[in-house]
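Colleague: Whatever position you read off the sequence shown (first residue = 1), add 2 for my numbering.
Just so it is clear, CB atoms sit at the ideal spot from N, CA and C, and this is done for glycine as well.
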Amino acid sequence: MKTDIRNTLSRLDLTIGRAANCHFNNPVAPGEIESFEKRNGIRLPNSYKLFLEYTNGGMIVNDSLEEIIKRDKDLETAKWNANCLLSLEEIEEAYNTMINRTYDAVSRFGEHYPFIPFCKTSTNEYLVFVNTGKG
Numbered sequence: 003m004k005t006d007i008r009n010t011l012s013r014l015d016l017t018i019g020r021a022a023n024c025h026f027n028n029p030v031a032p033g034e035i036e037s038f039e040k041r042n043g044i045r046l047p048n049s050y051k052l053f054l055e056y057t058n059g060g061m062i063v064n065d066s067l068e069e070i071i072k073r074d075k076d077l078e079t080a081k082w083n084a085n086c087l088l089s090l091e092e093i094e095e096a097y098n099t100m101i102n103r104t105y106d107a108v109s110r111f112g113e114h115y116p117f118i119p120f121c122k123t124s125t126n127e128y129l130v131f132v133n134t135g136k137g
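(1) Between N58 and N27, how many whole angstroms is the CB-CB distance? I'm expecting something under 8 angstroms.
(2) Helix, strand or coil: which one does DSSP assign to F120?
(3) So L90 and I35 are supposed to be a Cβ contact under 8 angstroms. How far apart are they, rounded?
(4) Secondary structure at L129, three-state DSSP: helix, strand or coil?
(5) Tell me whether I62 sits in a helix, a strand or coil according to DSSP, three-state version.
(6) Report the rounded CA-to-CA distance for C24 versus L67, giving the unit in angstroms.
(7) Find the nearest neighbour of R13 within the set P47, S37, R41 and F53, judged by alpha-carbon distance.
(8) Mapping DSSP to helix, strand and coil, what is L88?
(9) Cutting at 8 angstroms between CB atoms, please list the residues of its own chain near T123, excluding the five before and the five after it.
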């Protein structure tokens with residue numbers, strides 16, 4: 003069964019509307035995704051592009067992290083300890099960090115680094131899209 007991202011975004015709307023501990027950014031500005039892809043020579047999956055057009059990254063946190071956010075007014079500490087869907091800016095930063103940490107990335111992987119991070123876990127690992135072909 004094929005899942006449509008629009009259904010997922012509708013469920014996300016409902017979750018946010020139920021006073022869950024949600025922290026999501028505004029959508030990307032028109033043209034930002036295309037600029038990102040051109041600058042980095044990669045393409046994001048269409049479903050993630052739709053997500054970025056809905057909200058440019060964010061997270062749903064547990065009650066203890068929400069307390070940190072409220073008490074300390076510190077979204078970044080909570081973000082460090084949560085599962086986060088990355089904003090376009092965070093994707094680019096993490097992508098370039100991965101390239102810089104991968105010895106001889108171009109000769110090992112070809113013209114473009116194939117691993118595109120889109121989510122950071124609470125244990126500071128990344129979930130990635132893998133580009134298996136050109137473009």
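Modeller: This is what the structure holds:
(1) Here residue 58 refers to the residue found at position 56 when the sequence shown is read from its first residue. Here residue 27 refers to the residue found at position 25 when the sequence shown is read from its first residue. With a Cβ gap of about 4 angstroms, N58 and N27 count as contacting.
(2) Within the sequence shown, the letter at position 118 stands for residue 120. In the structure shown, F120 sits in a strand (DSSP, three-state: E or B).
(3) In the sequence shown, counting from the first residue as 1, residue 90 sits at position 88. In the sequence shown, counting from the first residue as 1, residue 35 sits at position 33. Right, their Cβ atoms sit about 7 angstroms apart.
(4) By 1-based counting over the sequence shown, the position of residue 129 is 127. It is a strand residue.
(5) The count along the sequence shown starts at 1 and reaches residue 62 at position 60. Strand.
(6) Position 22 of the sequence shown, counting from 1, holds the residue named residue 24. Position 65 of the sequence shown, counting from 1, holds the residue named residue 67. Each residue's Cα considered, the two are about 11 angstroms apart.
(7) If you number the sequence shown from 1, residue 13 lands on position 11. Nearest C-alpha to R13: F53.
(8) Indexing the sequence shown from 1 puts residue 88 at position 86. Coil, per DSSP.
(9) Counting from one through the sequence shown, the residue named residue 123 turns up at place 121. For T123, where only same-chain residues beyond five positions count, the Cβ hits under 8 angstroms are N85 and L129.
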